[in-house]
Amino acid sequence: MKLKIALLAGDGIGPEVTQEAVNVLNAVAASGGHTFEYVPLLIGGAAIDAHGTPLPDETLQATLACDAALLGAVGDNKFNKLAPSERPEAGLLKIRSELGGFANLRPAVAYKALADNSPLRPEITEGADIMFVRELLGGLYFGQPRQWDKQTGRAHNTMVYTQEEVERVARIAFDIAAKRPKRKLTSVDKANVLECSQMWRFVVDQVAKDYPTVTVEHQLVDSMAIHLMNRPRDFDVVLTENLFGDILSDESGVITGSLGMLPSATLGGKVNLYEPVHGSAPDIAGQGKANPIGAILTAAMVLRFSANLEREAKIIEDAVVKVLEAGYRTSDIARGDIAGQTKVSTMEMGRLVLDRVEAELGVAAS
Ligand SMILES: NC(=O)C1=CN([C@@H]2O[C@H](COP(=O)(O)OP(=O)(O)OC[C@H]3O[C@@H](n4cnc5c(N)ncnc54)[C@H](O)[C@@H]3O)[C@@H](O)[C@H]2O)C=CC1
Ligand SMILES: CC(C)CC(=O)C(=O)O
Ligand SMILES: [Mg+2]
1 MKLKIALLAG DGIGPEVTQE AVNVLNAVAA SGGHTFEYVP LLIGGAAIDA
51 HGTPLPDETL QATLACDAAL LGAVGDNKFN KLAPSERPEA GLLKIRSELG
101 GFANLRPAVA YKALADNSPL RPEITEGADI MFVRELLGGL YFGQPRQWDK
151 QTGRAHNTMV YTQEEVERVA RIAFDIAAKR PKRKLTSVDK ANVLECSQMW
201 RFVVDQVAKD YPTVTVEHQL VDSMAIHLMN RPRDFDVVLT ENLFGDILSD
251 ESGVITGSLG MLPSATLGGK VNLYEPVHGS APDIAGQGKA NPIGAILTAA
301 MVLRFSANLE REAKIIEDAV VKVLEAGYRT SDIARGDIAG QTKVSTMEMG
351 RLVLDRVEAE LGVAAS
């Protein structure tokens, strides 16, 4: 297997966690016959600093010429006063839209080893395993018109969806649900207030007719936020529009023990885009405190969806579980009051996972 991967490390903790993801990918390459070529490219604040724009054309063109894109995170407080169109985040939104992936898969799995890290009681989270399918190219983040008119003191954004946009992401979510043991799909909307959501619900019900084995329910986003905390095990595939999915998937970090645990893959476009769910975390950047597991599990998704290496993806996921079971914790998932835990840095956590991946694959330690 040959894979050319655009490496969009970005800002803050982005480069720190991406390096750990690359290390495990390299172990898989070394395990036999695979070549992963990386193309390091600037995006976000790093690209603004170097080229005055958050997505240089060179980055976009080079990414389009790759088989997959692995992104860390973008954003830095020093750009907070810029207009949305000039900020690092605009570079991420633009590359998402140019790559064309519309189905953002964000799995949230409550690992037993981290049961005491969630503020939710272990009996609430135990066994929770949710696959969020977030629509990534529509809704408020992309809708036109949008403006802040400082003269009139009025600002507006536009939520817009077409039936086709809803249908294509709904089909991906139903396909996934049909293959999972629970075969349940929860569609999230705000159909009691928004026309976009009423159409969303109508289209989901239409698509559901093609998936008779999948149980479908609709939840309003506000009460969904509390159901997710009260009874996370009741959910299986959760289908949402762009903004609601952004919020609810971050919220699911409470179920898993940390936002730093969450990976994602965006499918359906010209080039699949892989990124952990978290942002650039400027509060901990450069201190070796970032949890690289979200990025490492994102690397597993690269192998699963862009390289068809399911066994190797599983080896990485199992290695993460084993390291957690052995008690190793980055600071976001460390609890000083629990015996048997060893606090480790970003690089140490990456190394611990890598050691197990290399051992499992029979690769000499790098
Ligand atoms: N995909 C992306 O590139 C995203 C970028 N952002 C940007 O990131 C910047 C910071 O945004 P925030 O709202 O603070 O969200 P954030 O996700 O960066 O951080 C939220 C909190 O979680 C912690 N955290 C996040 N990832 C972690 C990890 N891997 N290990 C340990 N702790 C972790 C942070 O320290 C912080 O306390 C902003 O500029 C924002 O726009 C936010 C979300 C996604
Ligand atoms: C453009 C991003 C900063 C939005 C976000 O938080 C995300 O996609 O998770
Ligand atoms: Mg987000």
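Per full-length UniProt numbering: the sequence shown = residues 1 to 366.
For every residue, glycine included, the Cβ atom is placed at its ideal position computed from N, Cα and C.
A quick note: this is a predicted structure, and the numbers were derived from the prediction, not measured.
Using the beta-carbon count (16 or more within 10 Å), is residue i buried or exposed?
i: A246; result: A small correction: the amino acid at residue 246 is Asp; Ala does not occupy that position in the sequence shown. So D246 counts as buried.
i: S118; result: buried
i: P122; result: exposed
i: T59; result: buried
i: D222; result: exposed
i: N26; result: buried
i: W148; result: exposed
i: E195; result: exposed
i: E167; result: exposed
i: Q287; result: exposed
i: D57; result: exposed
i: A113; result: buried
i: E217; result: exposed
i: F202; result: exposed
i: S366; result: exposed
i: I226; result: exposed
i: N23; result: buried
i: I172; result: buried
i: I284; result: buried
i: N260; result: Checking the sequence shown, residue 260 turns out to be Gly, not Asn. Buried is the call here.
i: E164; result: exposed
i: N104; result: buried
i: D236; result: buried
i: I130; result: buried
i: V353; result: buried
i: E37; result: exposed
i: N242; result: buried
i: T162; result: exposed
Take residue i as the anchor and find which of the options has the nearest alpha-carbon.
i: I13; options: G294, M224 and A27; result: G294
i: E98; options: L324, Q287 and V271; result: V271
i: T240; options: G253, D234, S197 and Q206; result: S197
i: T213; options: R231, K184, A225 and A108; result: K184
i: T35; options: N104, L303, Q206 and M131; result: L303
i: A110; options: E251, N23 and L64; result: E251
i: I43; options: T18, E164, V24 and A9; result: A9
i: S85; options: V28, L105 and P145; result: P145
i: A90; options: Y161, I48, A69 and T266; result: I48
i: R311; options: A21, V28 and K2; result: V28
i: A155; options: A225, A83, L92 and A208; result: A83
i: D205; options: S187, I284 and Y274; result: S187
i: G75; options: A62, V24, W200 and L55; result: L55
i: R233; options: N157, G52, L120 and L361; result: L120
i: A191; options: L259, R87, M224 and A326; result: M224
i: G268; options: A65, Q61 and L136; result: L136
i: V207; options: V169, P40, V363 and V193; result: V169
i: A69; options: A339, M301, T162 and R335; result: M301
i: D116; options: V320, V193, L324 and N157; result: L324
i: L228; options: A21, T125 and I316; result: T125
i: T346; options: Q19, L71, S306 and G336; result: Q19
i: I255; options: N230, F244, L41 and A265; result: N230
i: D11; options: K2, G45, A364 and L220; result: G45
Bridge partners of residue i, per DSSP?
i: T256; result: Bridge partners of T256: none, in fact.
i: W148; result: A155
i: S187; result: H218 and L239
i: P107; result: M131
i: T342; result: Y328
Could you pull the start and end residues of the beta strand (DSSP E) that residue i belongs to?
i: G10; result: K2 to G10
i: D129; result: D129 to E135
i: G294; result: No beta strand (DSSP E) holds G294; the alpha helix (DSSP H) holding it covers I293 to S306.
i: T346; result: Unbroken run through T346 is the alpha helix (DSSP H), T346 to L361; no beta strand (DSSP E).
i: E37; result: T35 to P40
i: A265; result: A265 to L267
i: N272; result: N272 to Y274
Do residue i and residue j have their C-beta atoms within less than 8 Å of each other?
i: V238; j: L262; result: no
i: S280; j: A73; result: yes
i: M349; j: N291; result: yes
i: Q341; j: R329; result: yes
i: W200; j: D189; result: yes
i: T298; j: E317; result: no
Specify, as a first and last residue, the run of the alpha helix (DSSP H) that residue i falls within.
i: L25; result: G14 to A30
i: T63; result: D57 to L64
i: P119; result: It is not in any alpha helix (DSSP H) - P119 carries neither H nor E in the DSSP assignment.
i: P88; result: P88 to L99
i: R201; result: E195 to A208
i: V166; result: Q163 to K179
i: A69; result: Unbroken run through A69 is the beta strand (DSSP E), A68 to A73; no alpha helix (DSSP H).
i: G45; result: G45 to H51
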